[in-house]
Amino acid sequence: MGIGLVQAKQKLLRTLSVRIGNALATPNVPKGHIAVYVGESNRKRFVIPISFLNHPLFQDLLNRAEEEYGFNHPMGGLTIPCSEEYFISITTILNCS
């Protein structure tokens, strides 16, 4: 049971820092994508399609980010508190669906 696009956008707005507008406006993030930072100690930057934000698997990651960081993301953008390997496995699944 997924949530609608409107709810996903609202969830994203609650989870992202105020500086997300700057992250989306950077020339190295294509239109329709967002930069996220992943990792438990050394964070790596990934650029993912915005469509991922509506998927239940990614919603779980957004919930974790909200619980861990609230609106204070240490990297200035959306920081996902999981291992890089787990994030890659989730995005691989989402790319195939």
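Counting in the numbering used here, the sequence shown runs from 638 upward without gaps.
Idealized CB from N, CA, C, for every residue including glycine.
Bear in mind the structure is a predicted one, so any value in this text is a computation, not a measurement.
Could you name each continuous alpha helix (DSSP H) segment of 4 residues or more that falls completely within the stretch 664-720, going from the start of the chain to the end? 693-706
Whose C-alpha, out of Thr728, Cys733 and Ser734, is nearest the C-alpha of phenylalanine 683? The count along the sequence shown starts at 1 and reaches residue 683 at position 46. Its Cα nearest to that of phenylalanine 683, the residue Thr728 stands out among Thr728, Cys733 and Ser734.
Rounded to a whole number of angstroms, what is the C-alpha to C-alpha distance between glutamate 705 and proline 718? Along the sequence shown, read from residue 1 onward, the residue named residue 705 stands at position 68. Along the sequence shown, read from residue 1 onward, the residue named residue 718 stands at position 81. Computed Cα separation, rounded: 7 Å.
Residues of its chain near serine 734, where Cβ-Cβ distance is below 8 Å and the 5 sequence neighbours each way are ignored: Indexing the sequence shown from 1 puts residue 734 at position 97. Counting only Cβ-Cβ distances below 8 Å, and skipping sequence neighbours, we find His692.
Determine whether the beta carbon atoms of glycine 707 and alanine 672 lie at a separation below 7 Å. The residue you call residue 707 lines up with position 70 of the sequence shown. The residue you call residue 672 lines up with position 35 of the sequence shown. It is not a contact, given that the beta carbons lie outside the stated cut-off.
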